[in-house]
Every structure is written in C-alpha cells, then in structure tokens.
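First the structure, in the form of structure tokens, and then the observations on it.
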Amino acid sequence: MGDSFWGDSTCAQKCTCTSLGLQCQNQPCSFSQICQPSDFQFSCQTVQRGTCTITGDPHYYTFDNRVFHSQGTCTYAALVFLGHDWSKCMSIMKPLTTPFFLNNNAVQVYQSGFSVIVSTNFGLEVSYDTNHLVRIRVPYTYHNATCGLCGNFNGIRQDDFRTPQGEIVSSDVVFTNSWRASGEDEPGCEPECEGLECPACTEDQTDLYSNNDHCGILQNSSGPFATCHQRFPPQPFVESCVFDLCVAGGYQPILCEALNTYASQCQQNGIQLPSWRSEGFCEISCPTNSHFESQGTGCPATCVNPNAPQNCPLPDQESCICNSSYILSAGVCVPHAECGCSFEGQYYRSGETVILDEDCGRHCRCSYGSMSCTPHGCSPGSYHTFDGVTYQYPGACRLTLAKVMGSSRNPHFMVTAEKVPRGQQGFARLLNFEAEGVHVSIEMASSSRVQVSDFHF
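In full-length UniProt numbering, the protein residues as written are 1 to 457.
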C-alpha cells in the first residue's frame with residue numbers, strides 16, 4: 001500500500017497502490033531526467049547533460065564551452081558518435097505533423113515554444129527554432145565519445161578543434177572545413193572565408209553595437225538579463241551579437257535574435273527573466289487565436305494531449321499560447337470542436353487527406369475527429385506522394401555537427417546541417433537528426449516542416 005511506480009518503459013504514467021486499487025496519472029520524467037530500467041522496473045532518473053549551442057551567422061558554443069565562429073555555407077557535422085559508419089544510407093522521406101513518436105517511443109518529435117524538439121530514450125535532445133538557434137544536449141555517458149563541430153565533450157576546451165583524422169588544429173577555419181559532410185560539388189557550398197576576406201567590425205561599429213541600446217544590454221548589471229549573469233557570463237554572447245550586427249548593418253531583427261539566444265539559454269536552465277521585449281522592440285506577433293507569453297508552458301495543450309500543461313517536464317519559455325476555447329491542432333489554434341484525428345499513431349488535421357500503406361492501398365480523410373478510408377492503388381512503377389505528385393528524389397548522405405566517436409557502447413546518433421536546392425531558384429536549410437534507425441529532418445520555414453524517413457543500411 002502506498003508504493004508507486006511508472007507503468008511502462010516510457011515513464012509516461014506513475015501509478016500508486018491505494019485502498020481503492022491502482023491509481024495512475026500522467027507524470028512524465030522532468031526535463032533533467034530520462035526513463036531507465038532500475039530494480040526490475042522503469043523509473044525517472046536524473047541525468048546530467050552537456051549542451052552545444054549553434055546560433056546566428058553562426059556562432060558555436062561547444063560542449064566544453066569553447067566559442068568560435070564560422071560562415072561556411074556547406075553541410076557540416078555538428079555531432080558524431082565515434083565508431084559508427086554513416087557513409088552509406090538510403091532514406092524515403094515522408095512529412096509528418098508534430099507531435100509524433102517513432103520506434104515504440106524511442107524517438108519523440110514535438111513542438112515546444114517556438115522550437116521543434118527531437119528527443120530519444122537514451123537522453124539525446126536536439127532543438128531547432130527553424131530560424132537561427134540549434135541546441136544539442138547529450139548525457140554525460142557520452143563524455144569523451146563525440147566529435148564534430150560541437151567538440152569531443154571531455155571537459156578540455158583546448159582540444160576541441162580535432163579533425164576527423166584525429167589531428168588537433170589551431171585554426172577554426174581548418175577545423176570547420178574538416179567537418180564538411182558533403183562533396184566538393186554540393187550546390188551553394190562555399191568554404192569559410194579566411195583573413196582579410198572575412199567581414200569584420202570597424203571600431204565605430206563595435207562601440208555603437210556594444211552600447212546598452214544594442215548588444216550591451218546583455219551585460220548591463222541592472223538590465224533585464226542580470227539575473228542570469230552568474231550562470232552564463234554574457235561577454236561571449238555580446239561579442240557574437242556585435243559581430244552579427246556589423247554584418248547585418250544594424251538590422252534590428254538580428255539584434256532580437258541575439259538577445260533571444262541568451263534569454264533562451266537562461267530559460268532552458270530554469271532562470272526566468274523579466275520581460276525584455278517591448279512595443280516596437282523585438283515584439284512577438286502571434287498567429288490568429290493565440291497570444292504571447294514570456295513564461296509560457298513548454299507543453300501546450302494540443303488535440304492529441306489536451307492535458308499536456310499538467311506535470312509538464314519542460315521549463316517555462318517564450319511561446320504563443322492559444323486563447324481560451326482554442327487548442328493546438330498541427331501547430332494551429334482551432335476551436336476544440338475542430339480537432340483532427342489521431343489515427344494509427346499519427347495526427348491529421350480535420351479535412352486532411354492522406355494515402356497510407358507501403359502499397360498506397362488506402363486513401364483516407366479526417367473529418368472532425370473521425371478517419372474514413374477507401375481502397376486506393378498506384379500504377380506499377382510510380383511513387384505517389386502525400387501531396388499527390390509523382391517524382392524521383394536522388395538522395396545522398398551528407399557536413400557533421402556532432403556524432404559518436406570510436407567503439408562507444410552508447411547508442412549512436414549524428415546531427416548535420418544541410419543546405420539543399422529548392423526549385424529553380426533558392427535553397428532550403430535543414431537540420432538532420434539520425435538515431436535509432438530513423439532520420440528526422442527539420443526545415444527552416446514558417447511552417448516548421450518536419451520529415452521522417454525509414455533507414456536502410
């Protein structure tokens with residue numbers, strides 16, 4: 001009597017033996033915990049994580065807190081696990097609506113605040129705000145077992161610039177280019193500049209953008225960010241902010257992104273700041289039927305999980321929250337009566353049609369919570385996409401942000417950033433995540449498009 005335990009391997013519900021029988025309620029692991037087996041059952045266990053942050057033009061803050069800057073436009077490996085060969089793969093992509101779960105909940109993809117988050121059951125977490133900010137968090141079991149632009153996670157900053165061949169270099173340019181994950185013929189790929197070829201701030205620009213009306217507000221001891229100074233010294237963030245403003249000619253949205261990077265870093269570590277946005281300065285414009293909250297829940301109510309804000313394991317953060325009587329449906333606030341369909345492990349908006357099964361055998365339509373399907377077929381040799389078109393996609397494996405190095409016993413993953421052609425003109429920027437036999441690709445776009453593939457090695 002009184003004993004408590006988590007009901008399954010996902011630790012989604014905690015159950016207690018009472019005089020009335022077994023009582024269970026939603027109580028997932030907190031932000032600092034992962035679900036692991038212990039004493040013949042699964043339980044939430046606290047795990048320490050290291051964080052690699054990539055932001056701006058971009059600026060890299062490695063697991064060991066080394067800061068460097070890179071302006072290359074190629075695909076790079078941010079994080080790689082040692083001892084795993086990612087050189088040959090084939091994937092078939094399909095778009096999905098968040099939230100969704102893969103490989104029996106081993107990989108979860110969901111929206112939190114303004115970011116799409118990919119998390120695994122072994123403690124890896126990748127978040128992307130689809131604009132300028134990427135965070136990669138790994139548990140300390142990966143200590144000294146990673147490589148890529150995020151470093152080797154051994155607590156020593158001085159040896160973070162290690163190439164795939166194991167050589168420690170002093171040049172951030174040489175280091176960055178060594179982790180290109182693509183070939184020489186990658187469209188739009190221009191290696192990082194060197195020396196006088198690189199943009200730089202003038203003395204006047206540095207003085208201007210370092211004042212309290214610009215980046216200097218970050219280190220103002222009486223400013224809105226002061227409560228976070230002890231946890232995160234602001235100087236590196238100020239320097240990155242000043243550089244970005246020099247390159248952008250003082251463009252205010254770039255300043256707002258830089259300030260948001262620091263504020264988000266604080267909030268993700270449980271440090272809440274007073275409001276630093278104001279009318280006309282870094283305002284957030286929210287979609288229809290929603291409003292901005294500077295300390296909104298990290299787990300908004302959705303049609304899939306209306307009770308998500310209760311026992312939310314994520315820290316509060318800036319977000320657009322649905323107004324009263326509205327709820328999130330595939331990222332859009334709708335009246336409760338217009339919720340879509342949860343069908344075979346996926347969520348579909350009301351009115352959405354989809355072709356299901358490997359042989360395209362069913363054509364289904366969601367109508368106000370109910371999914372109806374009719375038989376369907378494709379002609380031999382054709383590939384019918386969810387958007388109703390037939391096409392061939394010449395896929396290729398690509399530059400590495402981070403991955404596991406060596407013969408590590410830990411689960412392997414890889415995170416890459418990619419720039420790919422989109423149509424006759426322009427490019428799309430993608431953040432790719434590979435682990436547990438799946439590939440999640442998050443595209444930088446207002447719609448936060450997420451695609452998932454099945455892997456075949």
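Don't be surprised by glycine CBs; every beta carbon is placed ideally from N, CA and C.
Bear in mind that the values here come from a model prediction, so they are computed numbers and not experimental data.
In DSSP terms, what Ala-145 is bridged to: Ala-145 is not bridged to any residue.
Any non-hydrogen atom of the ligand MG closer than 7 Å to Tyr-76 Cβ: Ligands in the displayed structure: none, and consequently the ligand MG is not present.
Let's test the definition: count the other Cβ atoms within 10 Å of the Cβ of Cys-198 and tell me whether it reaches 16, buried, or not, exposed. exposed
Round the Cβ separation of Phe-42 and Cys-11 to the nearest angstrom and send it over; I've been treating them as touching at under 8 Å. 6 Å
Cβ neighbour criterion (16 or more within 10 Å) applied to Met-90: At Met-90 the pLDDT is 37, less than 50, meaning the model places this residue with poor confidence and gives no usable figure here.
Determine contact between the stretch 52-71 and the stretch 147-167, defined as no fewer than three beta-carbon pairs at a distance below 8 Å. yes
Look at Ser-327 and Thr-288 and say whether their C-beta atoms are less than 8 Å apart. Inspection of the sequence shows that residue 327 is occupied by Ile rather than by Ser. No, these two residues do not count as a Cβ contact at 8 Å.
Cβ-based neighbour list, Val-67, same chain, cut-off 6 Å, excluding 5 preceding and 5 following: Listed in chain order, the non-local C-beta contacts of Val-67 below 6 Å within the same chain comprise Tyr-61 and Pro-236, local neighbours out to five positions each way being set aside.
So Gly-123 packs on Pro-139, CB below 8 Å; how close in whole Å? Going by Cβ atoms, the distance from Gly-123 to Pro-139 rounds to 4 Å, so yes, they are a contact pair.
Pick out whichever of Val-174, Leu-273 and Ile-254 has its Cα sitting closest to the Cα of Gly-223. Leu-273
Just tell me which of Tyr-128, Ala-77, Phe-225 and Ala-145 has its CA closest to the CA of Asn-410. Ala-145
Beta-carbon separation of Thr-130 and Val-109 under 8 Å? no
Within its chain, find whatever has a CB closer than 8 Å to the CB of His-291; leave out the 5 residues flanking it on each side and keep chain order. Excluding positions up to five away in sequence, the list reads Cys-320, Ile-321 and Asn-323.
In chain order, what residues of the same chain lie with their CB nearer than 6 Å to the CB of Gly-426, ignoring the 5 residues before and after it? Below a pLDDT of 50, predicted positions are generally treated as unreliable, and Gly-426, at 48, falls in that range; no measurement from the model is reported.
Considering only their Cβ atoms, is the gap separating Ser-294 from Glu-318 smaller than 8 Å? Cβ atoms of Glu-318 and Ser-294: closer than 8 Å.
Kindly identify the DSSP beta-bridge partner or partners of Met-371. Cys-366
Checking 8 Å against the spacing of the C-beta atoms, do Glu-344 and Cys-366 come in under that value? no
Name, in chain order, the residues that DSSP records as bridge partners for Trp-6. Lys-14
Uninterrupted alpha helix (DSSP H) stretches inside the stretch 194-279 (no shorter than 4 residues): 203-209, 235-248 and 252-268
Where does Glu-125 sit, in a helix, a strand or coil, going by DSSP? strand
When DSSP labels each residue in this structure, what does Arg-49 get in the three-state scheme? Correct three-state label for Arg-49: strand.
Among Asn-269, Ser-325, Leu-259 and Pro-309, whose alpha-carbon lies nearest the alpha-carbon of Ser-278? Leu-259
Taking C-alpha atoms, which residue in Val-173, Val-438 and Val-107 lies nearest to Ser-9? The option with the nearest alpha carbon to Ser-9 is Val-107.
I'd like to check one pair, Cys-147 with Met-405: are the Cβ atoms closer than 8 Å? yes
Would you list, in sequence order, the uninterrupted alpha helix (DSSP H) runs of no fewer than 4 residues that lie entirely inside the stretch 275-310? Not a single unbroken stretch of the alpha helix (DSSP H) spanning 4 or more residues falls wholly within the stretch 275-310.
Cβ-based burial, Met-371 [other Cβ within 10 Å; buried from 16]: buried
Consult DSSP for Val-438 and reduce its assignment to one of helix, strand or coil. Strand.
Which residues mark the beginning and the end of the alpha helix (DSSP H) in which Val-174 is found? 172-178
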